[in-house]
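Q:
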Amino acid sequence: MMLCIARKLRRIARREDGTATLEFVLVAPFLVSFIIFSVELGIVTMQSAMLERGLDITVRDIRLGTGTAPQHDDIKDSICDNSFVIANCREKLRLEMVPTDLRNPTALDPTPDCTDVEEPAKPLRAFIPGGQNQLMLLRACLKYEPIFPDSMLGSALIRDTNGEVAFVSMSAFVQEPI
175 MMLCIARKLR
185 RIARREDGTA
195 TLEFVLVAPF
205 LVSFIIFSVE
215 LGIVTMQSAM
225 LERGLDITVR
235 DIRLGTGTAP
245 QHDDIKDSIC
255 DNSFVIANCR
265 EKLRLEMVPT
275 DLRNPTALDP
285 TPDCTDVEEP
295 AKPLRAFIPG
305 GQNQLMLLRA
315 CLKYEPIFPD
325 SMLGSALIRD
335 TNGEVAFVSM
345 SAFVQEPI
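Under my numbering, the residues of the sequence shown are numbered 175 to 352, in order.
1. What does a CB cutoff of less than 7 Å around lysine 250 pick up in its chain, not counting 5 residues either side in sequence?
2. Which residues does DSSP list as the beta-bridge partners of threonine 274?
3. So glycine 228 and asparagine 262 are in contact, right, with Cβ under 8 Å, and what is the actual spacing, rounded?
4. So serine 343 and leucine 225 are in contact, right, with Cβ under 8 Å, and what is the actual spacing, rounded?
5. For phenylalanine 347, write down the residues that DSSP places opposite it in a beta bridge.
6. Measure the C-alpha to C-alpha separation of valine 272 and leucine 312 and round it to an integer number of angstroms.
7. Measure from the alpha carbon of leucine 276 to the alpha carbon of each residue in Met310, Asp248 and Asp283, then state which is nearest.
8. How long is the line joining the alpha carbons of isoleucine 179 and valine 213, rounded to whole angstroms?
9. Please classify lysine 317 as buried or exposed, where buried requires at least 16 neighbouring CB atoms within 10 angstroms.
10. Helix, strand or coil for valine 201? Go by DSSP, reduced to three states.
11. Which two residues bound the contiguous alpha helix (DSSP H) that contains serine 329?
12. By how many angstroms is the C-alpha of phenylalanine 211 removed from the C-alpha of phenylalanine 322?
What follows is the structure, given as structure tokens:
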């Protein structure tokens, strides 16, 4: 009886059908998670780069000077127009701008003030247009909801209570005289 069972087990162990299935079952989860990670990382990188691009182009336009002091809505519209892959940019973007002096620096609050879905009507935190030849600090904060929030990257990102991630970009410029 034992000899019969041992012979059947040896015969099963020598069979090679099903080995590809076993390999697929072991490798497929890693491949799928790597693909999800890559897609999420690509989207995060693209949105962050577009926010930086929009802010840089807008600050360059302000620096060149058109003879008028930049206003909050104009700057926000310009940033959103120059960063074209960000969905709902005007609703999700929050700006802070303060004048500063190199001899007596005024820093922005260390925690950026981003939009909150539950509080759509937040007043401006700090937005002072500044005058000619004045050094200005401009910070833009954009909220993004991860596509795969439970994936490796989505769970590693710091999220708020609504599950959104904040992208923060800062720039400094001097307003040119008219």
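For each residue, glycine too, the CB sits at the ideal point set by N, CA and C.
Here the structure is a predicted model, which means the values were calculated and not measured.
A: With the structure as the only source:
1. Residue mapping note: residue 250 aligns to position 76 of the sequence shown, counting from 1. Correct list, in chain order: Arg264, Leu267 and Leu269.
2. Here residue 274 is taken as the residue at index 100 of the sequence shown, counted from 1. Note: threonine 274 sits in a beta bridge opposite Leu309.
3. On the sequence shown, position 54 is the one that residue 228 refers to. On the sequence shown, position 88 is the one that residue 262 refers to. With a contact defined as Cβ atoms closer than 8 Å, glycine 228 and asparagine 262 miss out at about 14 Å.
4. Stepping through the sequence shown from its first residue, residue 343 is reached at position 169. Stepping through the sequence shown from its first residue, residue 225 is reached at position 51. Right, the Cβ-Cβ distance comes to about 5 Å (below 8 Å), so this counts as a contact.
5. Along the sequence shown, one-based indexing puts residue 347 at 173. Bridge partners of phenylalanine 347: Met310.
6. Residue 272 sits at position 98 when you count from the first residue of the sequence shown. Residue 312 sits at position 138 when you count from the first residue of the sequence shown. Straight-line Cα distance between these residues: approximately 7 Å.
7. On the sequence shown, position 102 is the one that residue 276 refers to. Per the Cα distances, Met310.
8. Taking the sequence shown and counting its residues from 1, the one referred to as residue 179 is at position 5. Taking the sequence shown and counting its residues from 1, the one referred to as residue 213 is at position 39. For isoleucine 179 and valine 213, the distance between alpha carbons rounds to 50 Å.
9. Counting from 1 along the sequence shown, the entry for residue 317 is found at position 143. Answer is buried; the Cβ neighbour count reaches 16.
10. Here the question's residue 201 lines up with position 27 in the sequence shown. Helix at valine 201.
11. The sequence position of residue 329 within the sequence shown is 155, counting from 1. Residues 326-330.
12. Translated into the one-based positions of the sequence shown, residue 322 becomes position 148. Translated into the one-based positions of the sequence shown, residue 211 becomes position 37. If I take the Cα positions, the gap works out to 9 Å.
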